[in-house]
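Down below is the structure, laid out as structure tokens.
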Amino acid sequence: MFKFIKRALGLIVIASLLGFAYLSFWPVAIEPVSWDAPKAAGYVGPYAPNSKLATLETVSLGDYPGPEDVVIIDGAIYAASYKGAIMRVDFDSAAITKIAATGGKPLGMEAAPDGGLYVADAYKGLLHVGMDGTVTTLTDSVNAAPIAYADDLDIGADGQIYFSDASVKFGAQAAGSTMAASLLEIMEHGRTGRLLAFNPDGQTTRIIADGFSFSNGVAIEPPHADGSESVLMNETGRYRVLRIWVSGPREGQADVVLDNLPGFPDNINPAGDGTYWVGIISPRSKWLDDNSAKPKARAMAMRLPESMRPQAENYGHIIRINSAGEVLESRQDPKGGYPQITGAIAGGDGYLYLTSLTAPDMARLPE
């Protein structure tokens, strides 16, 4: 009996040492960088919990779930699906019509001047999609390097297309999905995201600014008094909204417009009255905040089963802000009935359309 107990204890010790060695030294995909996350205030003040998103009108998208972004052209609703499709959605009749397939992961979209769509595709780059189903790649590289994670876009007054490349290091296709790549970039916090500009006239792509922790939603602002242009861009991994100057004497510089959000901001869209809707895809992770300055702990977490790592939570939340970063409105559903809300689009028809990374439906509610 004594020999059996001794052998069992020995096996336990060996297993413990092997487990420690695995958790401490096994190679992982990320090289975490230390940073100091701002202390989360939680859902207080302008973010006080409410249930304004608890009751929504929805329409099933059938074979094309995950309407990450929506564009409305002459009253017609177009949505991008994580299945790779662009479809037209008739909310009243519940008719869903596929108009194109990008062969990738279409995310942000805007109306193109010719009646088609500009699409930021996380796998393919910046695309043009015609209403006849044709898909044309506008750009998939900059300075001879690939665009690994085209995310969102908007169009400047001069026709240039400004779009985010969420991560240079963790491409969405290479990681297996947009969510997988986003988690890698945020867990590492290497700040490899950037803002790019494509000039349709010269067919050129340039880097406006870089060094962002998952650059995400993009919304062009009206030209400033001196003619300079800027965009509002969500920096998801740092819980904030930035103003990036895209022309004029401050081109490439960034200002913080709204900091220390209670969750991860995703898309940002004009509300039609000079304000902007920001989608909060998930609340912040206390574990990530507590370990922001502990790179070894974050690397160790990547060696755990995926189910034990920090995960996005379903908590419905959108906010409306002005250009000064003041929170004018906050609509929530703490139960997360409509999951992983990426943003909100003012339809011009009295409704606010909600978008989601994973939902099987499109949702709307009165503005």
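Residue 242 in the numbering used here sits at position 242 of the sequence shown; the count goes up by one each step and never skips.
We treat Cβ as the ideally placed atom computed from N, Cα and C, and that holds for glycine.
| Item | Value |
| --- | --- |
| Taking the straight line between their C-alpha atoms, what separation do you get for ALA409 and ASP158? | It is not possible to answer for residue 409, since the shown part of the chain is limited to 1 through 367. |
| If you follow the beta strand (DSSP E) that ILE77 is part of, which residue opens it and which one closes it? | 76–80 |
| Count the other CB atoms within 10 Å of the CB of MET109; is the residue buried (16 or more) or exposed (fewer)? | buried |
| Taking the C-alpha atoms as reference points, what is the distance between PRO146 and LYS105? | 16 Å |
| Measuring CB atoms only, is the region 315–326 touching the region 253–267, in the sense that at least three cross pairs come out at less than 8 Å? | yes |
| Whole angstroms is fine: what's the gap from VAL71's alpha carbon to LYS296's? | 42 Å |
| Using a threshold of 7 Å, state whether the C-beta atoms of ARG320 and GLU329 are closer than that. | yes |
| What residue does the alpha helix (DSSP H) around GLU188 start on, and which one ends it? | 178–188 |
| For ASN199, write down the residues that DSSP places opposite it in a beta bridge. | THR204 |
| Buried or exposed: where does TRP287 fall if 16 or more other Cβ atoms within 10 Å of its Cβ makes it buried? | exposed |
| Quick one: grab the DSSP three-state call for PRO360. | coil |
| Just the Cα atoms here: how many angstroms apart are MET362 and ASP132? | 23 Å |
| For ASP266, which of ALA166, HIS189 and ASP289 has the nearest alpha-carbon? | ALA166 |
| So ALA175 is in the alpha helix (DSSP H); what residue range does that whole segment cover? | 172–175 |
| Tell me whether the region 123–142 and the region 190–209 touch, counting them as touching only if at least three CB pairs, one residue from each stretch, are closer than 8 Å. | yes |
| Pull up the distance between the alpha-carbon of TYR353 and that of ARG331, whole angstroms please. | 13 Å |
| Does the region 213–227 come close enough to the region 269–289 to have 3 or more Cβ pairs within less than 8 Å? | yes |
| When burial is assigned at 16 or more other CB atoms within 10 Å of the CB, is ASP333 buried or exposed? | buried |
| What is the residue span of the alpha helix (DSSP H) that MET300 lies within? | 295–301 |
| What does DSSP give as the partner residues of ALA235 in its beta bridges? | In the sequence as displayed, the identity of residue 235 is Glu instead of Ala. SER215 and ARG240. |
| Evaluate GLU31 with the Cβ neighbour count: other Cβ atoms within 10 Å of its Cβ, from every protein chain shown; 16 or more gives buried, anything less gives exposed. | exposed |
| Short check: CB of THR102 to CB of GLY84, under 7 Å? | yes |
| Do the region 86–95 and the region 43–62 touch if we need at least three Cβ pairs shorter than 8 Å? | yes |
| How is MET87 classed by DSSP in three states: helix, strand or coil? | strand |
| From SER141 to GLU251, what does the alpha carbon distance come to, in whole angstroms? | 21 Å |
| Output the boundary residues of the alpha helix (DSSP H) element that contains LEU288. | 286–290 |
| For ALA180, which option in ASP152, THR205 and ALA122 has the closest C-alpha, if you only look at C-alpha atoms? | ALA122 |
| Would you list the one or two residues that DSSP bridges to HIS224? | Answer by DSSP bridge pairing: none, since HIS224 is not bridged. |
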